[in-house]
Structures are given as C-alpha cells and as structure tokens.
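Numbering (full-length UniProt numbering), first residue to last: 1 to 427.
Just so it is clear, CB atoms sit at the ideal spot from N, CA and C, and this is done for glycine as well.
Predicted, not measured: the structure shown is a model, and the values here were computed from it.
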Amino acid sequence: MILKSNINGKIIVAPRGLKTNLHTEHQTPGHRLPITEHSFPFALNPPYTASYTHKAPSCNFLKIATHKRVVLSFKKNKIKIMTKRILQSLIILLTVGIGFSACGTEKPTEVPKARYVKVEKINMGIDNKEIVFHGQLKEKRDVNVAFKVGGDVYEVLASEGDYVKEGQVIARVNPRDYKIKLQSASAQYKHAKGEYARYKELYKKNKLPINTLESLEAAYLSTKSAYESAQNALDDTELKAPFDGYIYRKHIDKAENVTPGKPIYSLLDVSHLEVRFSLPESKVNLASEFEKISCDIPNAKMYNMPARLLSVNEKSNGNDMFDVRLQVDNDKLNSLKPGMSVAIKIKMPAVAEPTLNVPVESVFYKNGKAYVWILNPEDSVVLSQEVKIKEFENKGYLSVMAGLRGDEYVVTAGVHSLSENQSVKKL
C-alpha cells in the first residue's frame with residue numbers, strides 16, 4: 001500500500017510490516033505511520049529526512065544517497081530490496097543478452113559445393129550409318145490347345161518341354177457318356193433311315209402323298225445330323241496336336257474337370273523362328289530400302305546371321321514405334337530358343353539430313369520420359385531437358401529427334417546424382 005504523509009503531501013513508502021517515524025529539521029518526531037507495502041524510490045524533498053527504526057539483533061543497514069540522508073533498519077537478515085522497475089530492467093537485459101547469445105551461435109547456411117562432372121558436346125552426324133536395334137527371337141505361333149467337349153480328364157499324355165507331332169494324341173477326357181449318346185443317336189438314325197427308304201418306294205408307286213414323304217425325309221436328315229454330331233463329340237474326347245511343336249506349358253492334371261475351350265496345353269510352333277523388334281517412326285518409311293539386315297545372338301554364339309524383312313506393322317504400338325518381323329536364315333536353328341535376345345544391325349540408306357547424337361550414359365529416365373542434363377555456361381549450373389530418342393546408334397550413342405538444338409553440352413557421367421540448378425565444374 002502507498003501511504004501519504006501530512007508533511008507537504010509527500011509520498012512515503014517502506015517495506016511491508018515495518019513502522020516509521022518521520023522527522024524533519026524543523027519539527028519534532030511524532031508522525032507515526034503504519035507501513036504495509038514497499039517499493040522504491042522514496043518520495044522525499046529536501047530538507048526532510050526519513051528514518052525507519054526497528055530494534056532487533058543482527059540488523060543490516062542499506063544506505064541510499066539522496067539529496068538528504070535516508071537510513072533504513074531491517075529485522076530480517078540479508079534482505080534484498082528491488083523495485084519492479086529494476087526487476088523489469090534486469091529481465092529485459094537478460095532477454096536481450098540471451099537473444100544476442102543465441103544469434104551468435106547460429107550456424108551460417110551451408111552453400112552446396114559444386115560437383116565435378118564430365119560433359120560432352122552434342123555430336124552432329126549424317127544419318128547414313130549402320131544402326132543397331134534390340135529385339136527377341138519369337139516362335140512362329142504360340143497356340144493354346146483346348147478340348148471342344150467338356151468332361152473329366154481321363155489321360156494326360158504330354159508334359160512341358162515335350163516335342164509333339166501334328167495329329168498326335170496328347171490328352172483325353174472320359175468318353176463313356178459320349179459313347180452312350182452316340183449309340184442312342186445311331187439307333188434313331190438307323191430307324192429314320194429305314195422308314196424313309198420304305199415310304200419312298202411307296203411314293204414311287206403313287207401310294208403315298210408327297211407331304212408325308214417330306215416329313216419322313218426331314219426326320220431322317222435330323223437323326224443323321226444328330227448321329228454325326230455324337231460321333232464328332234466322341235472323336236473330340238481325344239485332344240490332338242494341331243501342328244509340330246513344343247509344349248511349353250501344361251494347364252491341367254488328370255481327373256480335373258474341364259469345360260469346352262479351357263486351355264489344356266500351350267504349344268509353340270518352331271518350324272521357323274522370327275526376330276521381332278520396334279522401328280521408330282523416323283525410319284519406318286525407309287524399311288523397304290534397308291540395304292542389309294543381320295543379327296547377332298550372343299547366347300547362341302551366332303553372329304552376322306542374315307535376315308530378311310517379313311512385315312512392318314501398319315499401326316504404331318502407342319510409343320511412336322512400329323513392330324517389325326524378320327526371318328532368320330540359318331541351318332542351326334536347333335540351338336536357338338524363343339526369347340533369346342537379338343541385336344539387329346541394319347545398314348540404312350544414306351540421307352543428307354544431319355542427326356543429333358548423345359552418349360548413352362547421358363540419358364536418364366523419369367516418369368517414363370527421357371532426359372539429359374544441359375550445362376548452362378553462363379552460371380555453370382545444370383538444367384534437365386526432355387528429349388525424344390529415335391534409336392540406338394553404333395558405338396554407344398543415341399540419336400535424338402527432338403528436344404535439342406545441337407550446340408549444347410550434356411553431362412555424360414553421374415547423371416543420377418544431380419539436381420535441378422545444381423552448380424557443377426567441368427573436369
């Protein structure tokens with residue numbers, strides 16, 4: 001609490017719980033005021049002197065210099081008296097100091113170091129060279145063989161990897177029910193056939209109207225058709241190979257119930273093998289002018305095998321590429337297997353149009369698209385550039401049909417460790 005004295009209306013404050021005697025140089029003591037709050041500074045004007053007195057052992061004294069002397073006597077030992085203003089000032093000073101200290105300990109932002117890279121200028125060439133494509137050996141036909149009738153599988157006569165001849169029985173379903181149906185159809189057919197023959201003789205003697213004979217003839221033909229159908233169904237309980245080839249997959253086992261049309265075997269026709277690959281649209285119109293086609297099959301240790309063009313698909317496969325079929329001419333086809341990798345070497349007709357070639361190592365793929373890193377010479381940073389690849393060139397180069405001007409430098413090593421706008425240095 002802040003108290004007011006009766007001396008010129010001046011404010012006098014003191015520590016809580018102490019009493020004070022106020023004295024002046026012109027008056028005698030006698031003004032006793034109870035003190036319940038304390039704060040500083042004392043509001044005294046000269047020539048007044050205020051003294052707080054408390055008789056107790058172990059008193060400490062705090063002297064404050066003002067225009068006139070002020071003496072304070074306290075009961076408690078080592079009491080530190082601070083004003084709110086002092087506390088606030090200390091807090092502010094501490095906060096500012098800590099802030100400056102924290103600011104001083106912050107680490108400076110690290111600037112990423114420039115990465116050393118190899119670069120190469122885009123190669124300009126004339127498109128009259130031998131180019132290389134990659135494809136696979138394919139069988140002439142790949143057919144799923146199935147029963148025309150349903151039933152329980154009675155016999156499985158071939159396994160995966162077996163070579164079968166055309167007409168060879170490779171599986172059977174239980175023929176019991178089909179034999180019964182054939183017997184019934186045969187009896188009806190014989191009866192209808194006999195009836196029709198007898199009544200036909202009567203008709204010739206003018207003893208039978210024509211409409212009756214026609215009804216008997218229709219019944220005869222119907223039973224004949226049913227008999228032939230039952231005979232065919234019985235024959236179809238045997239599954240025969242439609243051509244010479246290898247069984248590369250078996251889909252059923254003995255005693256399994258099958259329905260008509262369900263695949264039983266997958267059969268490969270390897271009477272001759274084909275090479276299949278994709279040709280870019282930039283070369284598709286030149287297919288009829290290919291000067292020479294040869295194939296390398298490293299896994300079979302066969303190189304420079306002559307090949308001839310069979311067909312070029314008239315429609316793109318969706319990637320601006322056209323499917324091509326080649327016939328391999330070689331007497332040692334037994335060592336070749338469908339699925340082997342083939343390098344197709346094609347001697348292209350000479351054209352005057354220059355091509356842009358980049359090293360294979362400079363191309364990387366992201367989200368199904370091809371990119372290269374272009375070096376910006378002004379600030380030595382790299383920028384990604386989407387490119388459209390035509391095909392593989394000889395000696396490790398790719399031919400680019402779109403995305404480059406021809407005067408750029410591309411990064412040729414470490415393309416997967418770079419990022420957009422990254423600083424680099426040329427090796």
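At the C-beta level, G135 and V363 stay beyond 7 Å of one another. With respect to the 7 Å criterion, I264 and A171 are classified as neighbours on the basis of their beta carbons. Looking only at V382, K250 and K388, the smallest Cα-Cα distance to A114 is reached by V382.
Secondary structure note for L336: it is in no beta strand (DSSP E), with a DSSP letter that is neither H nor E. DSSP places A218 within a helical segment (H, G or I) once states are collapsed to three. Distance between K190 and V143, taken at the CA atoms: about 40 Å. Between L356 and I389, the alpha-carbon positions lie close to 10 Å from each other. Under the three-state reduction of DSSP output, V342 falls in the strand class. Of V284, V358, V360 and I252, the smallest CA-CA separation from R325 is found for V284. Only exposed fits P298, as fewer than 16 other CB atoms lie within 10 angstroms of its CB. Here P377 carries a coil assignment [DSSP, helix/strand/coil]. For S229, the secondary structure class from DSSP, reduced to helix, strand or coil, is helix. Of all alpha-carbon atoms in P260, N334 and D152, the one lying nearest the alpha-carbon of D253 is that of D152. With a cut-off of 8 Å on Cβ pairs, the segment 158-167 is not in contact with the segment 286-301, counting fewer than three such pairs. Nearest C-alpha to L404 among T259, A192 and Q385: Q385. Counting only residues of its own chain and dropping the five nearest sequence neighbours on each side, L398 has a CB closer than 7 Å to the CB of N357, V358, V360, V363, I389 and F392. Taking the Cα of A307 as reference, the smallest distance to any Cα among Q327, E256 and N232 is reached at Q327.
Three or more beta-carbon pairs separated by less than 8 Å are not found between the segment 308-319 and the segment 247-262, which leaves the two stretches without contact.
In this structure, K140 lies away from S288, with their beta-carbon atoms at least 7 Å apart. Per DSSP, reduced to three states, the secondary structure at D323 is strand. Under the Cβ criterion (8 Å, minimum of three pairs), the segment 211-221 does not count as touching the segment 229-249. In the three-state scheme derived from DSSP, where H, G and I count as helix and E and B as strand, A114 is classed as coil.
Counting only residues of its own chain and dropping the five nearest sequence neighbours on each side, K121 has a CB closer than 6 Å to the CB of Y409. Approximately 16 Å separates the beta-carbon atoms of V149 and P242; this is outside 8 Å, ruling out the contact. In the assembly as shown, A300 is a buried residue. Its beta-carbon has 16 or more other beta-carbons within 10 Å.
DSSP, read as helix, strand or coil, puts L418 in coil. Within the UniProt domain "CzcB-like barrel-sandwich hybrid" (143-267), the runs of beta strand (DSSP E) at least 3 residues long that lie entirely inside it are, in chain order, 151-156, 169-173, 238-240 and 245-250.
Contact between K347 and F290 holds: their C-beta atoms lie close to 7 Å from each other, under 8 Å. In this structure, D323 and E281 do not form a Cβ contact; the two beta carbons are roughly 12 Å apart against a cut-off of 8 Å. For the pair M305 and L137, the CB atoms are not nearer than the 7 Å cut-off. I210 and Y203 do touch by the CB rule: their CB atoms are close to 7 Å apart, below 8 Å. Only exposed fits T212, as fewer than 16 other CB atoms lie within 10 angstroms of its CB.
Look at V284 here: in three-state DSSP terms it is helix. Its chain contains Y371 as the residues whose beta carbon lies nearer than 8 Å to that of Y365, once the 5 sequence neighbours on both sides are disregarded; these appear in chain order. Distance from the CA atom of K205 to the CA atom of F147, rounded to whole angstroms, is 49 Å.
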